[in-house]
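Since the structure comes first, as structure tokens, the remarks are kept for the end.
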Amino acid sequence: MDLPLVYHPGYSAPLPSTHRFPMAKFRLLHDRLLRERVVYPQQFHQPDRPPLEWLTSVHSLDYIQAYSQGTLDERSLRRIGLPWSPALVERTWIAVGGTILTARLALQQGLACNLAGGTHHAFPDYGSGFCIFNDCAIAARLLLQERLVERILIVDLDVHQGDGTAWIFQDDPRVFTFSMHCEANFPARNQHSDCDVPLPEGMEDDAYLQQLAQYLPDLLSQVRPNLVIYNAGVDPHGGDRLGKLALTDTGLFRREMQVLETCVRQGYPVAAVLGGGYCEDFNALVYRHSLCQRAASDVYRTWL
1 MDLPLVYHPG YSAPLPSTHR FPMAKFRLLH DRLLRERVVY PQQFHQPDRP
51 PLEWLTSVHS LDYIQAYSQG TLDERSLRRI GLPWSPALVE RTWIAVGGTI
101 LTARLALQQG LACNLAGGTH HAFPDYGSGF CIFNDCAIAA RLLLQERLVE
151 RILIVDLDVH QGDGTAWIFQ DDPRVFTFSM HCEANFPARN QHSDCDVPLP
201 EGMEDDAYLQ QLAQYLPDLL SQVRPNLVIY NAGVDPHGGD RLGKLALTDT
251 GLFRREMQVL ETCVRQGYPV AAVLGGGYCE DFNALVYRHS LCQRAASDVY
301 RTWL
């Protein structure tokens, strides 16, 4: 079998042309991976819309209904930063289903990638920073409830702290949250992950990867997770509009190989999600995101 990938055409919902969130990147990534024969059509799995009770394992019913029905107040919508539309509602639900499916496939096959996900700024009763529902938290909570896993490690390497995820699992010892992020960046008020590694502005490839190597192997030995959920945000790149770090394309690829090989070689399944990435040059941005699937394909062929 080949590396399983999860994608839905609805991942790219319409946004105003002037909006700074690069919504088209999900579709463009899917198309580029196929065009360059990094992956093949038979590797893709399409998620379904998850049932309401899966979302209420993390989010309040009032918040889910208010957002989904278009009755969320303007202040809350501004905090999210995305204009409401029925298409975006459907996209938000489907992306959650995508991460759940990715986690299930990772448990079955050792490694899987979602071409969306990583909305780690979403809290139980509000959204923030382009994040509406916390897909990784919902997937983790569901797998625990179904007794498919006993322990989960969330490795969040998006350039912004995974504040919503940290808050959701602050009192749950079954989920260990690890966030390595730029210290002087959004959100203004961080939460407490189980392990936070704030990084100085301008950090480059070697220093970043050395820092990661100081933590990840020990965390795996300490937590011994049944599943690693990996937020592979590419906004630590030096060309990212919202990042403030200075990784290169090569550094990002080395990071993906480091994370995936470290986990998979030791028998820890990994569910990777896309995470953040913000750049006006869509070709450059999509290539950066594709580095995770390129690395995952190499790791899958070598170790699984």
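Under UniProt numbering, residues 1 to 304 are what the sequence shown spells out, in order. Where a beta carbon is used, it is the ideal one built from N, C-alpha and C, also for glycine. Computed from a predicted model, the values in this text were never measured in an experiment.
Would you call Phe282 buried or exposed, if buried means 16 or more other Cβ atoms sit within 10 Å of its Cβ?
Its Cβ having fewer than 16 others within 10 Å, Phe282 is exposed.
Closer than 7 Å by C-beta to Asp48: which residues in its own chain qualify, once you throw out the five before and the five after it? Chain order, please.
Excluding residues within five positions, the ones whose Cβ falls inside 7 Å are Gly97.
Which same chain residues end up closer than 7 Å to Gly239 when comparing Cβ atoms and leaving out the 5 residues on each side of it in sequence?
Cys279, Ala284
Is the Cβ-Cβ distance between Thr250 and Leu220 less than 9 Å?
no
Locate the alpha helix (DSSP H) running through Val96, then write down its first and last residues.
Start and end: 86-109.
Let me check understanding here. Comparing Cα to Cα, which of Tyr40, Asp194, Pro173, Val273 lies closest to Val149?
Pro173
Would DSSP call Tyr11 helix, strand or coil?
Of the three classes helix, strand and coil, the one that applies to Tyr11 here is helix, per DSSP.
Is Leu157 near His121, with beta carbons less than 9 Å apart?
no
Please determine if the region 153-171 and the region 187-204 are in contact, where contact requires at least 3 C-beta pairs separated by less than 8 Å.
A contact exists between the region 153-171 and the region 187-204.
Put Phe186 into one of helix, strand or coil per three-state DSSP.
coil
Express the C-alpha separation of Arg265 and Leu242 in angstroms, rounding to a whole number.
33 Å
Can you grab the Cα-Cα spacing for the pair Ala66 / Pro16, in whole Å?
If you take the alpha carbons of Ala66 and Pro16, they lie about 22 Å apart.
Under the rule that 16 or more other beta-carbon atoms within 10 Å means buried, what is Gln46, buried or exposed?
exposed
Does DSSP put Thr177 in a helix, in a strand, or in coil?
strand
What's the call for Pro41, buried or exposed, on a 16-neighbour Cβ count within 10 Å?
exposed
Do Ile80 and Ile132 come within 9 Å of each other at the CB atom, strictly closer than that value?
yes
Rounded to the nearest angstrom, what separates Lys244 and Gly233 at their Cα positions?
13 Å
Identify, in the order they occur along the chain, each residue of the same chain with its Cβ nearer than 6 Å to the Cβ of Leu291, setting aside the five sequence neighbours on each side.
Cβ within range, chain order: Leu252, Phe253, Glu256.
Return the first residue and the last residue of the beta strand (DSSP E) that Asn231 is part of.
227-231
Give a yes or no on whether the C-beta atoms belonging to Val259 and Val155 are separated by under 9 Å.
yes
Quick one: what's Phe123 bridged to in DSSP?
Note: Phe123 sits in a beta bridge opposite Tyr126.
Going by Cα to Cα distance, which pick from Leu115, Asp62, His19 is closest to Ala95?
Leu115
Compute the beta-carbon to beta-carbon distance between Val58 and Leu3, rounded to the nearest angstrom, for a pair I have assumed lies under 8 Å.
So it is not a contact: roughly 28 Å between Cβ atoms.
Which one of Asp218, Ala246, Leu212, Leu209 has the shortest CA to CA distance from residue 358?
Since the first and last residues shown for the chain are 1 and 304, residue 358 lies out of range.
Please classify Pro86: is it buried, with 16 or more other beta-carbons within 10 angstroms of its beta-carbon, or exposed?
exposed
Out of Leu33, Ala13, Phe26, Val6, which one is the CA nearest neighbour of Arg294?
Out of Leu33, Ala13, Phe26, Val6, Leu33 has the C-alpha closest to the C-alpha of Arg294.
For Asn114, which residues does DSSP report across the bridge?
Val6
Between Asn226 and Pro124, what straight-line distance do the alpha-carbon atoms span, to the nearest angstrom?
24 Å
Quick one: Cα of Arg75 to Cα of Arg141, how far?
28 Å
With DSSP as the reference, please indicate the residues paired to Phe44 in a beta bridge.
Leu5
Which residue marks the beginning of the beta strand (DSSP E) containing Asp298, and which one marks its end?
Taken as a continuous stretch (DSSP letters only), Asp298 belongs to no beta strand (DSSP E), being part of the alpha helix (DSSP H) at 282-303.
Please state if the CB of Gln43 and the CB of Leu5 are separated by a distance shorter than 9 Å.
yes
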